[in-house]
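Enquirer: Below: one structure in structure tokens.
Numbering (UniProt numbering), first residue to last: 1 to 289.
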């Protein structure tokens, strides 16, 4: 159930647009629900939860405050946040003057997937500049919403995908391979080089002298998936190569990639590829590429 309290204390030049999405837009991956530019007085605030929507908000002048997941974030020019509006959140003018921002509400089947990637680092706010691709895409979305063009839905989809991808990559930019702790790199490398051997988190934790719970959390933070899932993906990737390039039996391939029960291997493969190993081999046997 949605809960909301607010004081919509905005200047006359503020505006918001709520496009009426087409049937295609409603059932496609991403759908724009609202976009606008607000110039707010000091008494402005929104406190809400239970809204099935995602919100991006870019501050371009003044000072705001976001409260989300029991943390407070000061919003200065150049700050942009992305939150899930089902969660309890509060954003407001923090200064004595005008706080100006551009906002965008969106949803769709792909929205939770993109947000899961963004939320991995547990910080909704990033810093960008006026010349960034993020700001340019926000401006393009705003212009398109104000004057829809031919192929509006396709253009809107493209801009939304570009925007969310840039948000995720901007947050990831500080987490390049050089910044990954050495034990995380070594753990990933060890799994790649020994995927045919029995590997468990307890053994990895002992090998690198670290708590297995801390290792699992940090591994997911830097690599993007938990260690167990990472190892399974390595094994399935290798199995696909062997299915395509050799005539070895499924049982032999299961052994070669470290899954010593063929039925378990078939289940793992089918859960990820939506087909059995033999069906996968048959599919690619008909291709020359």
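For glycine and all other residues, C-beta sits at the position ideal for the given N, C-alpha and C.
The structure presented is a predicted model; accordingly, all values stated were derived computationally and were not measured.
1. Going along the chain, which residues of its own chain have a beta-carbon closer than 6 Å to the beta-carbon of residue 14, five neighbours each way excluded?
2. Can you give me the start and stop residues for the alpha helix (DSSP H) that residue 85 sits inside?
3. By how many angstroms is the C-alpha of residue 12 removed from the C-alpha of residue 221?
4. Compute the distance between the beta-carbons of residue 216 and residue 227, then report whether it is under 8 Å.
5. Along the alpha helix (DSSP H) that carries residue 257, what are the first and last residues, could you check?
6. Compare the beta carbon distance of residue 2 and residue 34 with 8 Å and say whether it is the shorter of the two.
7. State the DSSP-derived secondary structure class of residue 208, mapped to helix, strand or coil.
8. Please work out which residues of its chain come closer than 6 Å, Cβ to Cβ, to residue 4, disregarding the five sequence neighbours upstream and downstream, and give them in chain order.
9. In chain order, which beta strand (DSSP E) runs of at least 3 residues are fully inside the segment 37 to 78?
10. Which same chain residues end up closer than 7 Å to residue 257 when comparing Cβ atoms and leaving out the 5 residues on each side of it in sequence?
11. Could you tell me the distance, in whole angstroms, from the CA atom of residue 107 to the CA atom of residue 137?
12. What residue does the beta strand (DSSP E) around residue 304 start on, and which one ends it?
13. What is the DSSP secondary structure of residue 158, counted as helix, strand or coil?
14. Residues bridged to residue 233 by DSSP?
15. May I have the straight-line CA-CA distance separating residue 104 from residue 199, to the nearest angstrom?
16. Please state the DSSP three-state secondary structure of residue 180.
17. By DSSP, does residue 130 sit in helix, in strand, or in coil?
18. Would you call the CB atoms of residue 91 and residue 54 closer than 8 Å?
19. Leaving out five residues on either side along the sequence, give the residues of the same chain with a beta carbon under 8 Å from the beta carbon of residue 202.
20. On the three-pair Cβ rule with 8 Å, is the segment 110 to 130 touching the segment 70 to 78?
21. Within the continuous beta strand (DSSP E) that includes residue 15, where are the two ends?
22. Tell me which same chain residues have a C-beta within less than 8 Å of the C-beta of residue 284, skipping the five on either side of it?
23. Please state the DSSP three-state secondary structure of residue 20.
Expert: For this structure:
1. 38, 39
2. Residue 85 -> no alpha helix (DSSP H), and no H or E assigned at all.
3. 44 Å
4. yes
5. Premise fails: residue 257 is in no alpha helix (DSSP H) and is neither H nor E.
6. no
7. coil
8. 48
9. 45 to 49, 54 to 61, 64 to 68, 71 to 75
10. 195, 196, 235, 238, 239
11. 17 Å
12. The requested residue 304 is not part of the displayed model; the chain covers only 1 to 289.
13. helix
14. Paired residue(s): none; residue 233 is not in a bridge.
15. 45 Å
16. coil
17. coil
18. no
19. 212
20. yes
21. 15 to 17
22. 243, 244
23. coil
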